[in-house]
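Encoded as structure tokens, the structure appears first; notes follow it.
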Amino acid sequence: MTRQPPGAALTTGALARRLGVSPTTLRSWDRRYGLGPAVRTDGRHRRWTPEDVAVLERMCRLTSTGVPPAEAARAARAGTGARVSRPPSRAAGPLPLGDVRQECRGLARAAVRLDAPAVEARLSEAVERYGVAVAWQEVMVPALHAVGRKWASSGDRYVEVEHLLSWHVSTVLRRRSRPPLPMDATARGPVLLACVPDEQHTLALEAVNAELGQLRVPARMFGAAVPAEALTAAVRRLGPAAVVLWSQARSTASPALARHIAATEWGPKGARGRPLVLLGGPGWAGRSLPGVSRPTGLREALDTLAGLHERS
């Protein structure tokens, strides 16, 4: 084995974190394209030198712009001056992220490559390291917004990137959720989480649901496009402490529905209750409704909802 000074080589796991790919991807590139390390330990463990890292950084840059992996590998080994044929027009390029956490950049690179194991790993690592609220706001949301902007400006391109990323965000959030808590008859009712009618975007509510489970606040998740009549019936049956109404687009936001839910009562005469209604999502921007709360972000919403149950 070629001897290297201490600290000169990286392990596969460390390099994967640096590049924003999965260790499985690095091992696959080694087997398929010969992009292996120049140094291996006596136990055949990979150790990646700065020269190896430079090659793989070129590989990541090329694959993120849609160059086929085999062609990208030849160009990466040849150096930065190598010429490669450009992919068809549907190939996905890098996402416009701006100033974001490094974990978000790694997640975006993995999503553009449609590297599902790496996407799953980056999401799980972010949630484990920062918790749901921070991981959602500072890692998941910027990546999702960047995909959305690319999709909007590129016709039908990036649809597959958005679908894959959304699926794995949902998977990780649901895995983080605890089993629904039973309702205590002596305590306040649960938090109801629902998208307004015609609204299909549920990821933000899934983040709220996961974090409420961690806070031990009972919640009932109704998901996408809940009909107004069904939501009203659920409020009367469950007597919730709060109802969170999510609207992604202004076209789906319904002030009339929000007012109706806020005025819905349950319980016997003389002891009737009403829910606190929280409006979530950009669809509610610019709308101010008396007696209805519009938190500025996930953390404020969670603090409000947890506070209701702390006072019960």
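Just so it is clear: in the sequence shown, position 311 is 429 by this note's numbering, and no numbers are missing.
Don't be surprised by glycine CBs; every beta carbon is placed ideally from N, CA and C.
By how many angstroms is the C-alpha of residue j removed from the C-alpha of residue i?
i: Ala-228; j: Glu-238; result: 9 Å
i: Ala-114; j: Thr-167; result: Because the chain is modelled from 119 through 430, residue 114 falls outside the range shown and cannot be assessed.
i: Ala-389; j: Ala-419; result: 27 Å
i: Ser-242; j: Pro-386; result: 46 Å
i: His-378; j: Leu-349; result: 10 Å
i: Ala-196; j: Leu-416; result: 47 Å
i: Trp-61; j: Leu-323; result: Residue 61 lies beyond the residue range present for the chain, which begins at 119 and ends at 430; the question has no answer from this structure.
i: Arg-201; j: Glu-189; result: Note that Arg-201 scores 49 on pLDDT, short of 50, meaning its location in the model is unreliable; the coordinates nonetheless yield the value given after this. Roughly 10 Å between the two C-alpha positions.
i: Pro-214; j: Leu-356; result: 44 Å
i: Glu-347; j: Glu-175; result: 54 Å
i: Val-290; j: Leu-330; result: 15 Å
i: Thr-422; j: Gln-332; result: 15 Å
i: Pro-72; j: Val-353; result: The structure shown does not extend to residue 72, since the chain is modelled only from 119 through 430, so no value can be given for it.
i: Arg-296; j: Leu-321; result: 16 Å
i: Cys-178; j: Cys-222; result: 15 Å
i: Ala-380; j: Pro-308; result: 15 Å
i: Arg-412; j: His-263; result: 21 Å
i: Gly-224; j: Arg-405; result: 36 Å
i: Thr-414; j: Arg-231; result: 33 Å
i: Leu-144; j: Ala-342; result: 38 Å
i: Trp-269; j: Pro-260; result: 14 Å
i: Ala-209; j: Gly-216; result: Low local confidence applies: a pLDDT of 47 at Ala-209 is under 50, so the model's placement there is unreliable, with the coordinate-based value given in what follows. Near 21 Å, if we compare the C-alpha coordinates of Gly-216 and Ala-209.
i: Ser-146; j: Pro-298; result: 40 Å
i: Met-339; j: Pro-186; result: 41 Å
i: Ala-194; j: Trp-285; result: 31 Å
i: Glu-383; j: Val-410; result: 15 Å
i: Ala-303; j: Gly-391; result: Its pLDDT being 47, under 50, Ala-303 is placed unreliably by the model, and nothing is read from it.
i: Leu-432; j: Pro-300; result: Nothing can be reported for residue 432, as the shown portion of the chain is limited to 119 through 430.
i: Leu-128; j: Ala-403; result: 47 Å
i: Arg-192; j: Ala-234; result: 24 Å
i: Glu-428; j: Thr-142; result: 45 Å
Could one say the Cβ of residue i lies closer than 7 Å to chain D's Cβ atoms, at least one of them?
i: Val-344; result: The displayed structure is made up of one protein chain only, and chain D is not part of it.
Would you kindly report the start and end of the unbroken alpha helix (DSSP H) that includes residue i?
i: Gly-131; result: 130 to 137
i: Ala-244; result: 234 to 248
i: Val-218; result: Run containing Val-218: none; DSSP gives neither H nor E here.
i: Leu-291; result: 277 to 294
i: Leu-416; result: 416 to 428
i: Leu-323; result: 321 to 332
i: Leu-144; result: 141 to 151
i: Arg-306; result: No alpha helix (DSSP H) holds Arg-306; DSSP gives it neither H nor E.
i: Arg-392; result: Note, Arg-392: premise wrong, no alpha helix (DSSP H); not H, not E.
i: Glu-189; result: 187 to 196
Rounded C-beta distance between residue i and residue j? I'm assuming under 8 Å.
i: Arg-344; j: Pro-393; result: It is Val, not Arg, that sits at residue 344 in the sequence shown. The Cβ separation is near 14 Å, so there is no contact.
i: Ser-140; j: Ala-236; result: 4 Å
i: Ala-337; j: Val-250; result: The Cβ separation is near 13 Å, so there is no contact.
i: Val-257; j: Arg-219; result: 6 Å
i: Gln-255; j: His-319; result: So it is not a contact: roughly 16 Å between Cβ atoms.
i: Val-335; j: Ala-424; result: 6 Å
i: Gly-154; j: Arg-165; result: The Cβ separation is near 11 Å, so there is no contact.
i: Ala-359; j: Leu-426; result: 5 Å
i: Val-287; j: Tyr-276; result: Their Cβ separation, rounded to whole angstroms, is 15 Å, which puts Val-287 and Tyr-276 out of contact at 8 Å.
i: Arg-294; j: Val-252; result: About 13 Å; that fails the 8 Å criterion.
i: Arg-240; j: Gly-138; result: 7 Å
Along the beta strand (DSSP E) that carries residue i, what are the first and last residues, could you check?
i: Arg-165; result: 164 to 166
i: Leu-311; result: 309 to 313
Are the region 306 to 324 and the region 366 to 379 touching, with three or more C-beta to C-beta distances below 8 Å?
Enough Cβ pairs lie closer than 8 Å, so yes.
Any contact of the region 393 to 401 with the region 275 to 284, i.e. 3+ C-beta pairs under 8 Å?
Because the criterion of three Cβ pairs below 8 Å is not met, the region 393 to 401 and the region 275 to 284 do not touch.
State whether the region 168 to 176 contacts the region 132 to 146, with contact taken as three or more CB pairs (one from each stretch) at a distance under 8 Å.
Yes, the region 168 to 176 is in contact with the region 132 to 146.
Runs of alpha helix (DSSP H) wholly within the region 334 to 383 (minimum 4 residues, chain order)
Within the region 334 to 383, the complete alpha helix (DSSP H) segments at least 4 residues long are 346 to 356, 373 to 381, listed from N- to C-terminus.
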